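In my numbering, the protein residues as written are 3 to 290.
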């Protein structure tokens, strides 16, 4: 059977199992099984697939039909124009978080000291280090597995020497120092909504998604951390759920830390980032 014929059958099967982009997924799975790029795949559509390669492809296809995440199968996810290594135990980077990173980069500030909380795969930390020359990043996560991926990605993109990885539970830890930027994509899905998310999401680590009863638990802590370890004039940037803007803004306003707080919309015009600037002199407690 040729590559073209197998792709057609695979796309039909994926579609029957509710996969959103069956043709694209079939091509990516085939490219993975054959060890070629998609361009190489297109150049070989009429070639017959070797039995061993077909068996590999069928195995990958079976996983995807069970709604196992495509990114875990191929081991990659694109983010900010970079390819990140991902796998079980780490949250898959999403386009929503690109809005967070883009918001920071659009400030055109040469942040020298950055604290990334809930770093996951290191997508934000690595992207910021790549795009802000001379910056040093402290990247924190509760998951040892996530930090393994984050360190691998930092090494892959040549910024491992500028990122310090720490395994910490930010709900029970207060960093020391004065940072110019605190950034976070915390868990923000309300706990009751977790069972109703897209089927693929059930394979991702629940504690990277669970934001507590209302999805807001981490924002109280992030406000406290910003008050404690942000330098005067510093910036706090956080990803939020599409309907959480006003509530998270209220949480941060209650801390009386910042001169300026705004909601940044994503490309679908939904709330996506809370940007807090101009940390007040003397607000919070600073440690050296």
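Cβ coordinates follow ideal geometry from the N, Cα and C atoms, glycine included.
Just so you know, these numbers come straight off a predicted model, no measurement behind them.
Which listed residue (118, 125, 66) has its alpha carbon closest to that of residue 80: Taking the first residue of the chain shown as position 1, residue 80 is located at position 78. Of the listed residues, the one whose Cα sits closest to residue 80 is 125.
Where residue 181 sits in the DSSP three-state scheme: The residue labelled residue 181 in the question sits at position 179 within the chain shown. Strand, per DSSP.
Neighbourhood of residue 168 by C-beta, 6 Å cutoff - its chain only, sequence neighbours within 5 removed: Taking the first residue of the chain shown as 1, we reach residue 168 at position 166. Only 142 meet the Cβ criterion.
Start and end residues, beta strand (DSSP E) containing residue 240: Along the chain shown, one-based indexing puts residue 240 at 238. Here the beta strand (DSSP E) through residue 240 covers 232-241.
Any 3 or more C-beta pairs closer than 8 Å across the region 49-69 and the region 102-115: no
Straight-line Cα distance separating residue 189 from residue 87: Within the chain shown, numbered from 1, the residue matching residue 87 stands at position 85. Within the chain shown, numbered from 1, the residue matching residue 189 stands at position 187. Spanning the two alpha carbons is a distance of roughly 20 Å.
Touching by the beta-carbon criterion (3+ pairs, under 8 Å), the region 157-165 and the region 118-137: Yes, since at least three Cβ pairs between the region 157-165 and the region 118-137 fall closer than 8 Å, the two stretches touch.
N- and C-terminal bounds of the alpha helix (DSSP H) containing residue 210: Position 208 of the chain shown, counted from the start, is the residue given in the question as residue 210. Neither: residue 210 is in no alpha helix (DSSP H) and is coded neither H nor E.
Residue environment, residue 66, which counts as buried when at least 16 other CB atoms sit within 10 Å: Sequence index remark: in the chain shown, residue 66 carries index 64 (1-based). The residue in question, residue 66, is buried, as its Cβ has 16 or more Cβ neighbours within 10 Å.
Rounded Cβ spacing between residue 166 and residue 140 (contact assumed at less than 8 Å): Taking the chain shown and counting its residues from 1, the one referred to as residue 166 is at position 164. Taking the chain shown and counting its residues from 1, the one referred to as residue 140 is at position 138. Sure, about 5 Å apart at Cβ, within 8 Å.
Uninterrupted alpha helix (DSSP H) stretches inside the region 25-61 (no shorter than 4 residues): 40-44
Residue 35 classed as buried or exposed, judged by whether at least 16 other C-beta atoms fall within 10 angstroms: The residue you call residue 35 lines up with position 33 of the chain shown. Buried, since its Cβ has 16 or more Cβ neighbours within 10 Å.
Own chain partners of residue 43 with C-beta closer than 8 Å, once the 5 adjacent residues on each side are dropped: Mapped onto the chain shown, residue 43 falls at position 41. Contacts found: 5, 29, 32, 33, 36.
Check whether residue 276 and residue 254 have beta carbons under 8 Å apart: Translated into the one-based positions of the chain shown, residue 276 becomes position 274. Translated into the one-based positions of the chain shown, residue 254 becomes position 252. Residue 254 sits close to residue 276, with the two beta carbons spaced by under 8 Å.
Opposing strand residues paired with residue 138 [DSSP bridges]: The residue given as residue 138 occupies position 136 in the chain shown. 115.
Span separating the alpha-carbon of residue 200 from that of residue 212: Along the chain shown, read from residue 1 onward, the residue named residue 200 stands at position 198. Along the chain shown, read from residue 1 onward, the residue named residue 212 stands at position 210. Going by the C-alpha atoms only, they are around 15 Å apart.
Three-state secondary structure (DSSP) of residue 129: Against the chain shown, residue 129 aligns to sequence position 127. Helix, per DSSP.
Cβ neighbours of residue 250 in the same chain (closer than 6 Å, five flanking residues each side left out): Position 248 of the chain shown, counted from the first residue, corresponds to residue 250. Counting only Cβ-Cβ distances below 6 Å, and skipping sequence neighbours, we find 221, 242, 276.
According to DSSP, residues forming a beta bridge with residue 84: Position 82 of the chain shown holds residue 84. Partner(s): 81.
8 Å contact criterion, which residue 259 and residue 225 should meet: CB distance rounded: Translated into positions along the chain shown, residue 259 becomes position 257. Translated into positions along the chain shown, residue 225 becomes position 223. Separation of the CB atoms of residue 259 and residue 225 is rounded to 7 Å, and the pair is thereby assigned contact status at 8 Å.
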